[in-house]
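K.L.:
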Amino acid sequence: MSYRTQVITVFGGSGFIGRHLIRRLARSGAQIRIATRNPGKATFLKTAGAVGQIVPFATDCTKDESVARAVQGADIVINLLGVLYERGSQSFQGVHVDAAARIARLAAANGVNRLIQISAIGADANSPSSYARSKAAGEQAVLSAFPAATILRPSIVFGPEDNFFNKFAAMAQKAPALPLIGGGKTRFQPVYVGNLADAVVAALESDDSRGKTYELGGPRVYSFRELLELTQKDIQRHRPLVTIPWNIAESLAGFLEKVPVLAPALTRDQVALLRQDNVVSPTALGFKDLGITELATCEVILPTYLSRFIVGGKYNSLTGNAH
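Numbering of the sequence shown is given in UniProt numbering, commencing with residue 1 and proceeding in unit increments.
#1: Please state the DSSP three-state secondary structure of L256.
#2: Does the Cβ-Cβ distance between D162 and R24 come in under 9 angstroms?
#3: Can you tell me the Cα-Cα spacing of F168 and K288, whole angstroms?
#4: With C-beta atoms as the reference, is K212 less than 9 angstroms away from I118?
#5: Taking C-alpha atoms, which residue in S155, A68, P176 lies nearest to L274?
#6: Cβ of V55 within 9 angstroms of Cβ of R33?
#7: To the nearest angstrom, how far is it from the Cα of I235 to the Cα of P282?
#8: Would you check if the distance between the CB atom of L228 and the CB atom of L178 is smaller than 9 angstroms?
#9: Report the CB separation of F92 from S130 in whole angstroms; it is logged as a contact under 8 angstroms.
#10: Counting C-beta neighbours from all protein chains within 10 Å, is the total for K185 16 or more, i.e. buried, or is it exposed?
#11: Tell me whether E161 sits in a helix, a strand or coil according to DSSP, three-state version.
#12: Name the residue from E294, A137, Y85 whose alpha carbon lies nearest to the alpha carbon of residue 325.
#13: Over what stretch of residues does the beta strand (DSSP E) that includes N79 continue unbroken?
#14: Starting from A35, follow the beta strand (DSSP E) in both directions and report where the run begins and ends.
#15: Leaving out the 5 sequence neighbours to the left and right, which residues in its chain are closer than 7 angstroms to L196 when beta-carbon positions are compared?
#16: Is it buried or exposed, C298, if we count other Cβ atoms within 10 angstroms and call 16 or more buried?
#17: Per DSSP, what kind of secondary structure is P179 in: helix, strand or coil?
#18: Between the Cα of T43 and the Cα atoms of K63, Q189, G15, G254, which residue gives the shortest distance?
#19: Helix, strand or coil, according to DSSP, for E215 in the structure here?
#20: When you compare the CB positions of A68 and L106, do they come within less than 9 angstroms of one another, or not?
#21: Go ahead and pull the three-state DSSP assignment for S223.
#22: With a Cβ-Cβ cutoff of 9 angstroms, do R187 and D269 count as a contact?
#23: How many Å lie between Q140 and L241 at the Cα?
#24: Mind checking which residues open and close the alpha helix (DSSP H) that includes P303?
#25: If you draw a straight line from the C-alpha of H323 to the C-alpha of T243, how long is it?
#26: Taking the beta strand (DSSP E) that residue 324 belongs to, which residues open and close that run?
#27: May I have the straight-line CA-CA distance separating T62 from D124, to the nearest angstrom?
#28: Would you call the CB atoms of V7 and N79 closer than 9 angstroms?
#29: Please go through the same chain and pick out, in chain order, the residues whose beta-carbon is closer than 8 angstroms to the beta-carbon of D302, but skip the five residues on each side of it.
#30: With C-beta atoms as the reference, is R237 less than 9 angstroms away from L180?
#31: Quick check on V311: does DSSP put it in helix, strand or coil?
#32: With DSSP run on the structure shown, which of helix, strand or coil describes V67?
#33: With 16 other CB atoms within 10 Å as the buried threshold, where does K135 fall?
#34: State the start and end residues of the unbroken beta strand (DSSP E) segment that holds E118.
#35: Taking buried to mean at least 16 other C-beta atoms within 10 Å of its own C-beta, is V280 buried or exposed?
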């Protein structure tokens, strides 16, 4: 399907997932609006398309009139907005529920044809995690306003700018040990950001995806311990993995989330989230239902960007013995 004559508005398009998705959408020739609070931070994406094809669009998702301007005349709306922790005005309720509901409601009111909502595996109204509950509430709000919306729930997303492998690789550079919260038994099914972008495009190309929810995980399930071991292997570091019991992790997170830094190292809500496996349900629709069968593995992709954490660089012959 060609989007050459269509207008696509992408909320949160300048973020990690957005920058990969925008490049794929631009190949189709569509006109793309990147709806963002700070258009200046999205200007780097203009080079992904022809002159004038990609336009950063100043949008305040707390205001109806601002969101309405962003979706007016659009054929497709994609919502990538999400936060991993709460800081100031960036709350789970405000971003995952209120903003999502507003986008869906105004997309419907303006005659938008397709709406894609990026959620997360683990979205559950009964979860002990506020993050997971807000994701579930956001899904419900979107479908209430726009019943034909397609919901995509990825597991943890990895790629050059991810907040998971990069975080632990940086930690392994400086910390004497890495934490295994709850013993490191929590299971994950990491999905490559490029494959997630492919899934968005595939969903748009399929009318059958309207009103459906897909859970998207990579080709392999790993324990938290295995992911930390894989990270250390790729950056040629060998830090001991120390088990942190759940109660101690919660106490530590309670302290760390109060430290006045931009991104807390750990929050109590993240500890609650870690108590649940983050893998695709056996009965859920997934990549295969979108026609995608070739998925990138962590073993292939991680070395392409974690090499920057290797002492002396990946071509340094002495790095194999780094400690």
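Using N, Cα and C, we set each Cβ at its ideal position, and we do this for glycine too.
P.N.:
Short version:
#1: For the purposes of this step, residue 256 is taken as the residue at position 256 of the sequence shown. The answer is helix: DSSP assigns L256 an H, G or I state.
#2: By 1-based counting over the sequence shown, the position of residue 162 is 162. By 1-based counting over the sequence shown, the position of residue 24 is 24. Result no, Cβ atoms of D162 and R24 do not sit closer than 9 angstroms.
#3: In the sequence shown, counting from the first residue as 1, residue 168 sits at position 168. In the sequence shown, counting from the first residue as 1, residue 288 sits at position 288. If I take the Cα positions, the gap works out to 31 angstroms.
#4: To locate residue 212, count along the sequence shown from 1; it is residue 212. To locate residue 118, count along the sequence shown from 1; it is residue 118. Contact flag unset, no.
#5: Walking along the sequence shown from the start, residue 274 turns up at place 274. Comparing Cα positions, the closest option is S155.
#6: Position 55 of the sequence shown, counted from the first residue, corresponds to residue 55. Position 33 of the sequence shown, counted from the first residue, corresponds to residue 33. Contact: yes.
#7: The residue you call residue 235 lines up with position 235 of the sequence shown. The residue you call residue 282 lines up with position 282 of the sequence shown. One C-alpha to the other measures close to 33 angstroms.
#8: For this step, residue 228 is matched to residue 228 along the sequence shown. For this step, residue 178 is matched to residue 178 along the sequence shown. The answer is yes: Cβ separation under 9 angstroms.
#9: For the purposes of this step, residue 92 is identified with residue 92 of the sequence shown, where counting begins at 1. For the purposes of this step, residue 130 is identified with residue 130 of the sequence shown, where counting begins at 1. With 8 angstroms as the limit, F92 and S130 qualify as a contact, their Cβ atoms being about 5 angstroms apart.
#10: Taking the sequence shown and counting its residues from 1, the one referred to as residue 185 is at position 185. Result: exposed.
#11: Here residue 161 is taken as the residue at index 161 of the sequence shown, counted from 1. It is coil, neither helix nor strand.
#12: The structure shown does not extend to residue 325, since the chain is modelled only from 1 through 323, so no value can be given for it.
#13: In the sequence shown, residue 79 corresponds to position 79, counting from 1. Start and end: 76-79.
#14: Looking up residue 35 in the sequence shown gives position 35. Per DSSP, A35 belongs to the beta strand (DSSP E) from 31-36.
#15: Numbered from its first residue, the sequence shown carries residue 196 at position 196. Closer than 7 angstroms at Cβ, skipping near neighbours: I17, P154, V157, L216.
#16: As a first step, residue 298 must be located in the sequence shown, where it is residue number 298. C298 should be labelled buried.
#17: Against the sequence shown, residue 179 aligns to sequence position 179. Three-state result, P179: strand.
#18: The residue you call residue 43 lines up with position 43 of the sequence shown. Ranking K63, Q189, G15, G254 by Cα distance to T43 puts G15 first.
#19: Taking the first residue of the sequence shown as 1, we reach residue 215 at position 215. Three-state result, E215: strand.
#20: Stepping through the sequence shown from its first residue, residue 68 is reached at position 68. Stepping through the sequence shown from its first residue, residue 106 is reached at position 106. Against a cut-off of 9 angstroms, the Cβ pair of L106 and A68 comes out as a contact.
#21: For the purposes of this step, residue 223 is identified with residue 223 of the sequence shown, where counting begins at 1. In this structure, S223 counts as strand in the three-state DSSP scheme.
#22: Here the question's residue 187 lines up with position 187 in the sequence shown. Here the question's residue 269 lines up with position 269 in the sequence shown. For R187 and D269, no; Cβs fall outside 9 angstroms.
#23: As a position in the sequence shown, residue 140 is number 140, starting the count at 1. As a position in the sequence shown, residue 241 is number 241, starting the count at 1. Whole-angstrom Cα-Cα distance: 39 angstroms.
#24: Counting from 1 along the sequence shown, the entry for residue 303 is found at position 303. First-last of the alpha helix (DSSP H) with P303: 298-306.
#25: Here residue 323 is taken as the residue at index 323 of the sequence shown, counted from 1. Here residue 243 is taken as the residue at index 243 of the sequence shown, counted from 1. Residue confidence is low: H323 scores 49 on pLDDT, short of 50, so the model does not pin down where it sits. Its coordinate-derived value is still stated next. About 20 angstroms.
#26: Since the first residue of the chain shown is 1 and the last is 323, residue 324 is not available in this structure.
#27: Here residue 62 corresponds to residue number 62 of the sequence shown, with the count starting at 1. Here residue 124 corresponds to residue number 124 of the sequence shown, with the count starting at 1. Approximately 24 angstroms, taken between the alpha carbons.
#28: Numbered from its first residue, the sequence shown carries residue 7 at position 7. Numbered from its first residue, the sequence shown carries residue 79 at position 79. It is not a contact, given that the beta carbons lie outside the stated cut-off.
#29: Translated into positions along the sequence shown, residue 302 becomes position 302. The sequence given here has Leu at residue 302, not Asp. So the qualifying residues of the chain are F158, F165, L230, T231, D234.
#30: On the sequence shown, residue 237 is found 237 positions in, with the first residue counted as 1. On the sequence shown, residue 180 is found 180 positions in, with the first residue counted as 1. Contact flag unset, no.
#31: Counting from one through the sequence shown, the residue named residue 311 turns up at place 311. If DSSP states are grouped into helix, strand and coil, V311 belongs with coil.
#32: Residue mapping note: residue 67 aligns to position 67 of the sequence shown, counting from 1. Reduced to three states, the DSSP call for V67 is helix.
#33: Within the sequence shown, residue 135 is the residue found at index 135, counting from 1. When all chains shown are included, K135 counts as buried.
#34: Numbered from 1 along the sequence shown, position 118 holds the residue referred to as residue 118. Note on residue identity: the sequence assigns Ile, not Glu, to residue 118. Per DSSP, I118 belongs to the beta strand (DSSP E) from 114-118.
#35: On the sequence shown, position 280 is the one that residue 280 refers to. Its Cβ being crowded by 16 or more others within 10 Å, V280 is buried.
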